[in-house]
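Enquirer: Top line first, the protein sequences correspond to chains B and R. Those letters in the first sequence? Residues 1 to 695, by our numbering. Those letters in the second sequence? Residues 1001 to 1077, by our numbering. Glycine is no exception: its CB is placed at the ideal position from the N, C-alpha and C atoms.
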Amino acid sequence: MSKQINVALIGNPNTGKTSVFNALTGLNQKVANYPGITVDKKEGLCKLPRGVKAHILDLPGTYSLNASSLDENIVIELLLNKNNKDYPDVAIIVSDVENLKRNLLVFTQIKDLEIPTILVINMADRMVSNGISLDVDYLEKALNTKIALVSARKNTGIDHLKTLIANYRDLSTEPCLNASEIDKSYFERLQNAFPNQQLYKLWLVITQDVNFGKISRQEMDVAAFKTKSKSDLKRLQQKETVKRYQFINSVLKEGQTIDASKATGLRARLDRITMHKFWGYAIFFVILLSIFQAIYDWSGMPMDYIDASFAQLSEWTKATLPPGVFTDLLADGVIAGVGGVVIFIPQIAFLFLFISILEESGYMSRVVFLMDRIMRRFGLNGKSVIPLISGTACAIPAIMATRNIESWKERLITILVTPFITCSARLPVYLIIISLVIPEGRFLGLSYQALTLMFLYLIGFGMAIISAATLNRILRFRSKSFFVVEMPSFKVPLVKNVFITVFEKTKSFVFEAGKIILAISVIIWVLASNGPGDAFNKADTIIETDHANLSQLEIDQKVAAYKLEHSYIGIIGKTIEPIIRPLGYDWKIGIGLVTSFAAREVFVGTLATIYSVGADSPETLKQKMASEKRENGLPVFTLASGISLLLFYAFAMQCMSTLAVVKRETNSWKWPIIQLIGMTLIAYFISLIAFQIIQ
Amino acid sequence: MPTIADMQLGQKATITECSSDAIPFKLLEMGCLPGNKVQLLQFAPFLDPLYLNIDDAFVAIRRETAALICIEFGPDE
C-alpha cells in the first residue's frame, strides 16, 4: 500500500474552507460522525502528484485554538493527541484574502504546535477588485511557511497546493513568534514542571480547562499546575492574543498593501438594503414565499411522473412474476414503500438547494442580525434563526446547529421548539393531503395549495415562537447571553458547493430515511397480510356465506377489506381508533400515525402499503386515498379530516431520531420526554378543535 | 467614559479598554482589542444589535455587550 498523508483543513468560518475541500476531493468524500458526538466529520481522498494519496479531514471552522464550543473543541482534541489516527502530517490553514489579519491568528497558534503547515490564501480572484496586493515571498519567509494562492471559484492554485502537500516534508516546523514572552517567569516554571512537553501544548491544555473543560488528558496531567486564577489566565490569554496580532500586523505591514480607493462599496450598499428596517424584512419574506412557491410548482411534474412509474412498476411485477407471497411482498410491500420515498426527492432537493444558496451567499448572517432583537423577546437568539430555518429540512441537523448559541438557556429553548418547524419529512404527508382536500385554483397568481403549504409552515413557526415565549417564562435559570456574529461578505454561491450539498443531503435522506421506510413497509405488509383466528384466515367463506348474491369482483373486494380489518395491523388500528375518532381519523390513518413514529414520511408509505393490500387496479396512491370511504359511505379524506390531520402533523412530536438527538444534546431524558408529551398534547387538542369546528 | 453603545451611525473611534472578564473571548479574537479602530456601520431595528467594523472585521454584537467596550473618539472625527 502506498503511503497516505493525513491532511487537516483548519480555518475560520466563512473562508471558503469547504470550497477548498470540495476542490481537493470532488465527490470523493463522505460525512460521518465523530465517535460519541454528533458533529459532522467530513473526510475525503485526494490524489497528489507521483501517485501519493492524501486523506483530507475538513475540521469545523474555528477562530482560534481557544475553544468556546463543542465544534471548536474537536479541533483542539485532535491537535493535542498525537496518537489519534487522524493526527495530521500536515495542516492546511485556509484564509480569505479579505480577512487575512484575523485568519492568521489561528495560523500562528498551529505553528506553535510545530505541525508542518501550509497557508492557503483563498478567494485570490478578489484581490484585484479589492485593491489588495501581496508579497508572497516575503510572507512565506516571515511566517515560516509555504503559501498557495487559491481561487476555489476560478479553480486556480489547486495544483500548486497539491504539490505543496506532496512535499510536506520540506515545510518548516519552526514557530513564527514566541508567545511565552507575555509572562516569562510563568512559562519557565511551566516548562520546568513538564520538561518533556511542548510548551504551547501545555498552555493550551491549561487554558482549555478554563474555557471549556472537556479536554482529554491522556498525555499529561496539568491539574497540579494551577498557580493562576481563572481570571488571571484569561487576562494572560488576552495578552497572548494582543501579542499575536502585533506580530501579524507587523508582517502584513510589509507583505500586504491595500489600495482603499479600489474598494467598490458594494458590500455597504447590499448591507444597507438587506438589513434595512423595512426592506430587510420584506426581502426576507419574499425569499421565503418564492421558495415555497418554487418547491410546490417546480416539483409537481417530476413527482407525478415518479408516482405513475412506481404504480406501473408494481403492476408490471404482478403481471410478470408468478403469483404468490413473494410477488405480493415485492409489489405491495417493497415497491410501494420505495416509491413512497423516491417521490420526495425533487422537493427535498429543491429545499436543500435554497437553504445552501442562502448560507453560501452570506445572506443568512444578515437574517441573524435582523432577527436577534425580535427573537430575544421570545427567549431565543438571532442565531436561533439558522436552526429554525434548517429545521425546514430536518430537525436533527438543526438541533445540532444550535451549538454555536453560547447561552445555555437560549440554546435549550431553541432545541425544544425546533421540532415545531415543518421539516422535509412532513412535506410528503402535507403534499398528499393538500392535493386531496384543498381545491385547485389561484389567488393573486398563487395556487390555493401553495398558500396552504405556506400557511402550514407559518403556523409551525408561530407555534415555535409561542412555545419559546412560554418556556422563557417557565424556565428559571440564569445564563449569560452572548451574541457575536461575523458578517461575511456577499458572494455568488459556488455551483459546485451547492451541488455537492444538495447531492449529499438528498442522498442521505433517501438512504437513511429509505432504510427505515423500507423496513417498516415490509413489516406493515406482513402484519397486514396475516392475522389471528378464523376472522382472518376464513374470510373468504365468511363473506361468501353472507353475500352469496354478489358478483365475484365485489366478493373479492369485500374479502380483502374484511381481511385487512382482522389482520394484526387492523387490530392495532382498531385499538387506537376510539382515541383518534374525535379528530376525524379512521383506524387505517391510526396505523399511519403509529408507524409515523419511526419517521413522519413513513405515513405515506404506510398508507401506500395498506391501500395496496387488497387493491387490484394499478391506481396511484392519491386515487386510492380519494376513493377511500368510511362505513357510512362518506369519503375518509374530507376538508375537515384533512385539515385536522395536517394540523396534527404540524404540531405532534413523532420522530424517534429527533428525540434521540435532543437527549444527546441536552444530556438528559427529561427534555425529550417533555417535548414528546407537550407537543403531542398540543397537536391532539388543536386537531380536535379544528375537526369539530369545520365538520 | 464613552462606550461603543454611545456611538452614532457612521462614527469612528478607537477602543481603549475591554475586559476579558466581561466580554466574550471570541470578540477579542476578532480584533476587539485596545488601540484598534471601530466604526458603527448600522443598527438593526430598535437600535440593537449593532453592526460594527472592528479593525477591518465585520461583526454584529448586542447593545449590552457594546456598552462594556470603552472607546475614545478619534481626533480626526
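Is DSSP giving B/PHE212 helix, strand or coil here?
Expert: A caution first: B/PHE212 carries a pLDDT of 45, below 50, which makes its placement in the model too unreliable to give a value.
Enquirer: Can you name the residues that DSSP bridges to B/HIS276?
Expert: DSSP lists no partner for B/HIS276.
Enquirer: Just by C-beta distance, which residues in the segment 465 to 499 of chain B are closer than 7 Å to chain R?
Expert: PHE482, PHE483, VAL484, VAL485, GLU486 and MET487
Enquirer: Which class does B/TYR585 belong to by DSSP, given the choice of helix, strand or coil?
Expert: coil
Enquirer: Grab me the residues of B/MET375's own chain with a C-beta within less than 7 Å of its C-beta, minus the 5 sequence neighbours each way, in chain order.
Expert: ASN381, GLY382, SER384 and VAL385, listed in sequence order.
Enquirer: Any idea what DSSP makes of B/ILE520, helix, strand or coil?
Expert: Judged by DSSP in its simplified three-state form, B/ILE520 adopts helix.
Enquirer: Could you tell me the alpha carbon to alpha carbon distance between B/LEU252 and R/ILE1015, rounded to whole angstroms?
Expert: 21 Å
Enquirer: Identify the contact partners of R/VAL1059 in chain B, using a Cβ-Cβ distance below 8 Å as the criterion.
Expert: VAL484, VAL485, GLU486 and MET487
Enquirer: May I have the straight-line CA-CA distance separating B/GLU140 from B/SER172, to the nearest angstrom?
Expert: 10 Å
Enquirer: Would you report the Cα separation of B/ARG377 and B/GLY157, rounded to the nearest angstrom?
Expert: 47 Å
Enquirer: Quick check on R/ALA1067 - is its C-beta less than 8 Å from some C-beta in chain B?
Expert: no
Enquirer: From B/VAL338, B/SER290, B/GLN191 and B/ALA308, pick the residue whose C-alpha is nearest to that of B/LEU353; which is it?
Expert: It is B/SER290.
Enquirer: Could you give the DSSP three-state label for B/GLN692: helix, strand or coil?
Expert: helix
Enquirer: When DSSP builds the beta bridges, which residues end up paired with B/VAL636?
Expert: Bridge partners of B/VAL636: none, in fact.
Enquirer: So B/THR392 and B/THR402 are in contact, right, with Cβ under 8 Å, and what is the actual spacing, rounded?
Expert: About 15 Å; that fails the 8 Å criterion.
Enquirer: Hey, does B/TYR363 have any beta-carbon neighbour from chain R nearer than 8 Å?
Expert: no
Enquirer: Determine the contact status of B/GLN237 and B/ASN404, defining contact as a CB-CB distance below 8 Å.
Expert: no
Enquirer: Cα separation between B/LEU113 and B/VAL90?
Expert: Using only the alpha carbons, I get a separation of about 12 Å.
Enquirer: Which residues does DSSP pair with R/PHE1073 in a beta bridge?
Expert: R/ALA1013
Enquirer: Residues in the same chain with beta-carbon distance under 8 Å from B/ASN211, minus the five sequence neighbours each way, listed in chain order, please.
Expert: Since pLDDT at B/ASN211 reaches only 49, below the 50 mark, its modelled position is unreliable, and no value is offered.
Enquirer: Could you check the C-alpha separation between R/GLY1074 and R/LEU1050 for me, to the nearest Å?
Expert: 19 Å
Enquirer: Starting from the Cα of B/VAL120, find the closest Cα among B/ILE147, B/ARG102, B/VAL136 and B/ASP135 and give me that residue.
Expert: B/ILE147
Enquirer: By the criterion of Cβ-Cβ separation under 7 Å, what are the contact partners of R/LYS1026 in chain B?
Expert: TYR63, SER68 and VAL484
Enquirer: Alpha carbon to alpha carbon, how far is B/GLY16 from B/ILE707? Give it in angstroms, no decimals.
Expert: Since the displayed chain B opens at 1 and closes at 695, residue 707 of chain B lies outside it and no answer follows.
Enquirer: Is the beta carbon of B/GLY51 less than 8 Å from the beta carbon of B/LEU134?
Expert: It is not a contact, given that the beta carbons lie outside the stated cut-off.
Enquirer: From the beta carbon of B/VAL406, is the nearest beta carbon of chain R less than 8 Å away?
Expert: Rather than Val, the amino acid found at residue 406 of chain B in this sequence is Glu. Chain R contact via Cβ: present.
Enquirer: Tell whether a beta-carbon distance below 8 Å holds between B/ASP125 and B/ARG153.
Expert: For B/ASP125 and B/ARG153, yes; Cβs fall inside 8 Å.
Enquirer: Answer yes or no: do B/ALA519 and B/THR609 have a C-beta to C-beta separation smaller than 8 Å?
Expert: Going by C-beta atoms, B/ALA519 is not nearer than 8 Å to B/THR609.
Enquirer: What residue range is occupied by the uninterrupted beta strand (DSSP E) comprising B/ASN537?
Expert: Run containing B/ASN537: none in the beta strand (DSSP E); it sits in the alpha helix (DSSP H), 533 to 537.
Enquirer: Tell me whether R/ILE1035 sits in a helix, a strand or coil according to DSSP, three-state version.
Expert: Position check: residue 1035 of chain R holds Gly in this sequence, whereas Ile was assumed. R/GLY1035: coil per DSSP, three-state reduction.
Enquirer: With distances taken from CA atoms, which of B/ALA308, B/ILE543, B/LYS230 and B/VAL485 is nearest R/LEU1027?
Expert: The candidate whose alpha carbon is nearest that of R/LEU1027 is B/VAL485.
Enquirer: Run down chain R in chain order and give the residues with a C-beta less than 9 Å from the C-beta of B/LYS101.
Expert: GLY1031, ASP1055, ASP1056 and ALA1057
Enquirer: Is there a C-beta anywhere in chain B that falls below 8 Å from the one on R/GLU1077?
Expert: Bear in mind that a pLDDT of 47 at R/GLU1077, under 50, signals an unreliable position, so the number given afterwards is only what the model happens to contain. Not a single CB atom of chain B sits nearer than 8 Å to the CB of R/GLU1077.
Enquirer: Could one say the Cβ of R/PRO1045 lies closer than 8 Å to chain B's Cβ atoms, at least one of them?
Expert: yes
Enquirer: Is the shortest distance between the beta-carbon of B/MET756 and the beta-carbons of chain R less than 8 Å?
Expert: This structure cannot settle anything about residue 756 of chain B, because the visible part of chain B is limited to 1 through 695.
Enquirer: With DSSP as the reference, identify every bridge partner of B/LEU9, one or two as the case may be.
Expert: B/ASP58 and B/ILE92
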